[in-house]
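FYI, in this note's numbering the residues of the sequence shown are 394 to 799. Just so you know, even glycine gets a beta-carbon here, dropped at the ideal spot from N, CA and C.
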Amino acid sequence: MTPKEQSYVGIDVGSTKINVVVGIIEEPGKPSVIGVGSYPTSGLRKGVVIDVEETVSSISGAVELAERSAGVHISNATINIDGSHVASLNSRGVIAVGRADSEITFEDTIRATEAAQAISLPSNKEIIHVIPREYTVDGQIGIKDPIGMSGVRLEVETHIITGSQPAIRNLYKCFTQAGLNIDDRIATPLAAAKAVLTKRQRELGCVLIDIGGGTTSIAVFDEGNELYTCILPIGSGHVTNDIAIGLRSSIDIAEKVKLKYGYASPIEIPEKEKIDLAEFGGEGTTFKRQVAKIVEARLKELFDLVRDELRRVGKDAMLPGGAVISGGGANMPGIVGLAKSILKLPCEISSPKGLQGLVEKVSAPEYATALGLMLYSMDKQRTLGGNEKLAKAFERIKKLVRIFLP
């Protein structure tokens, strides 16, 4: 099967729904989306599987919808790893160059990356990604690709992303029971960033904020490199819960109220405008501004936590590329203004570029992660396709590290 005929699948397993995106490469550098599927789930909480059977059923449901949409059979996919158990750290590896003539080879970069993994991890944690950020050759810093250069000492700065081994195994079990093979796994923040961040934004320094149902993923980039990654245990589902408490209503009614009348800027809502809850099967009335105050309070807490994470890595209000907001939570009206006021950064809603096919469908912020997973799968094929030697090397490397290909 040629790359043009080959389909590539990204499956985003979220806390409230499973999103699937299917694509093909019609022309070099022009990915085309040919199928989309989305299915609700209650089998996960804050990105972690709590009910295997329910999760398997939801994965199967989303895949079936995507198969119908794309007209292809899905047997393999690239998936995301989500949940607050996902964490990151930066580590340095140092080696002596192997060749007698001091020329740095691909093998040297791999050995340096292996050396960077010599970190202490709890027994229930595993490495998801080891991402080379930059190299130093004999004291010369800031090198992106040292292969072919001369030197005797090679250092690499890496960004390492880890996750809970039991949580990852349970997720794998769900895909196995759903009859699917996993081609690769990508941490949610990097997958979403892959779909919506531009090269310029990464170079200037930016933060990707992906607001899901149960979690919010953060990826910070500086000078084109991944600097920091984390997943917070708070998402748009918490807004729904707060509305349900405030209105003394069911979760279902609160979700419908949020989707129709939610707004992140109460001051812009006329003070006396009311909502008749009978419209949603409830009783009584409430004020639109009151709902907006509930929404604003929870989202303010979320962005305060994001700012705390930026402060942790010395990037509070110091990212010229700004903040890009993706995920279903990005659909909340007024969220950009609120994010700007708290983060003190330029902010925008995510918008993937350079796509063909079902562009309008996957341009919705909630598809950023699934789309990024599909694009990652395509990039790996472009890098390895037709190069048997490189493909074998990659498989050998993958047993040692999981390197995210930008």
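Chain-order list of residues whose beta-carbon lies under 8 Å from that of residue i (same chain, five-residue window excluded)
{"i": "N563", "result": "V441, V442 and V445"}
{"i": "I668", "result": "V650, Y654, T678, T679, F680, K681 and V684"}
{"i": "G464", "result": "I427 and G428"}
{"i": "I497", "result": "V490, V530, P539, I540, G541, M542, S543, G544 and L547"}
{"i": "I644", "result": "T633, N634 and A637"}
{"i": "S425", "result": "G416, I417, I418, E419, L748, Q749 and G750"}
{"i": "N517", "result": "S557, Q558 and P559"}
Status (buried if at least 16 other CB within 10 Å, exposed otherwise) for residue i
{"i": "N469", "result": "exposed"}
{"i": "H466", "result": "exposed"}
{"i": "M711", "result": "exposed"}
{"i": "L695", "result": "buried"}
{"i": "D538", "result": "exposed"}
{"i": "R578", "result": "buried"}
{"i": "Q594", "result": "buried"}
{"i": "V406", "result": "buried"}
{"i": "E420", "result": "exposed"}
{"i": "D494", "result": "exposed"}
{"i": "N574", "result": "exposed"}
{"i": "V487", "result": "exposed"}
{"i": "T591", "result": "exposed"}
{"i": "F568", "result": "buried"}
{"i": "A671", "result": "exposed"}
{"i": "A757", "result": "buried"}
{"i": "V449", "result": "buried"}
{"i": "P582", "result": "buried"}
{"i": "K423", "result": "exposed"}
{"i": "T395", "result": "Confidence is the limiting factor: at T395 the pLDDT is only 46, short of 50, which leaves the residue's position unreliable, though a coordinate-based value still follows. Exposed: under 16 other Cβ atoms inside 10 Å."}
{"i": "K410", "result": "buried"}
{"i": "P663", "result": "exposed"}
{"i": "E619", "result": "buried"}
Which of helix, strand or coil DSSP assigns to residue i
{"i": "H631", "result": "helix"}
{"i": "P799", "result": "With a pLDDT of 45 at P799, under the threshold of 50, the modelled position of that residue is not reliable, and no figure is offered here."}
{"i": "D399", "result": "The sequence as given places Gln at residue 399; Asp does not occur at that position. Three-state result, Q399: coil."}
{"i": "Y656", "result": "coil"}
{"i": "D645", "result": "helix"}
{"i": "K410", "result": "strand"}
{"i": "T762", "result": "helix"}
{"i": "D405", "result": "strand"}
{"i": "L625", "result": "strand"}
{"i": "L748", "result": "coil"}
{"i": "V794", "result": "Caution is warranted here: a pLDDT of 46 is assigned to V794, below 50, making its placement in the model unreliable, and the coordinate value is therefore given only provisionally. The answer is coil: DSSP assigns V794 none of H, G, I, E or B."}
{"i": "I638", "result": "helix"}
{"i": "V650", "result": "helix"}
Host alpha helix (DSSP H) of residue i (start-end)
{"i": "L692", "result": "K681 to R705"}
{"i": "G730", "result": "I728 to L736"}
{"i": "E753", "result": "V752 to V755"}
Cβ shell of residue i (< 7 Å), same chain only, five flanking positions each side left out
{"i": "D709", "result": "R700 and L703"}
{"i": "E648", "result": "T633"}
{"i": "A588", "result": "P745, A761, L764, G765 and L768"}
{"i": "P713", "result": "L597 and G598"}
{"i": "S408", "result": "L437, R438, K439, G440, G605, G606, G607, T608, G628 and G630"}
{"i": "E676", "result": "L670"}
Residue span of the beta strand (DSSP E) that contains residue i, given as start and end
{"i": "K665", "result": "Per DSSP, K665 belongs to no beta strand (DSSP E) and is neither H nor E."}
{"i": "F673", "result": "From DSSP, F673 is part of no beta strand (DSSP E); its letter is neither H nor E."}
{"i": "G535", "result": "Q533 to I536"}
{"i": "D709", "result": "That residue, D709, is in no beta strand (DSSP E); it is neither H nor E in DSSP."}
{"i": "A612", "result": "T609 to D615"}
{"i": "E741", "result": "C740 to I742"}
{"i": "I604", "result": "C599 to I604"}
Contacting residues, own chain, Cβ-Cβ under 6 Å from residue i (five flanking each side not counted)
{"i": "Q399", "result": "none"}
{"i": "E689", "result": "A657 and P659"}
{"i": "M725", "result": "G655 and A657"}
{"i": "V402", "result": "V415, I467 and A470"}
{"i": "R691", "result": "H631, V632 and D635"}
{"i": "T800", "result": "Nothing about residue 800 can be reported from this structure: the residues present for the chain run from 394 to 799 only."}
{"i": "Q570", "result": "V449"}
{"i": "I404", "result": "V413, A470 and I472"}
{"i": "I484", "result": "Per the sequence shown, the amino acid found at residue 484 is Ser instead of Ile. Once the five neighbours on either side are set aside, the close Cβ partners of S484 are A509, I512, T551 and I553."}
Pick out the complete alpha helix (DSSP H) segments inside the stretch 416 to 471, 4 residues or longer, and give them in chain order.
Listed in chain order, the alpha helix (DSSP H) runs fully inside the stretch 416 to 471 are 445 to 463, counting runs of at least 4 residues.
At 4 residues or longer, what runs of the alpha helix (DSSP H) sit wholly inside the stretch 472 to 522?
As summarised for the stretch 472 to 522, the continuous alpha helix (DSSP H) elements at least 4 residues long and confined to that stretch are 499 to 509, given in chain order.
Which whole runs of the alpha helix (DSSP H) in the stretch 556 to 596 are 4 residues long or more, in chain order?
Segments of the alpha helix (DSSP H) lying fully in the stretch 556 to 596: 558 to 570 and 581 to 589.
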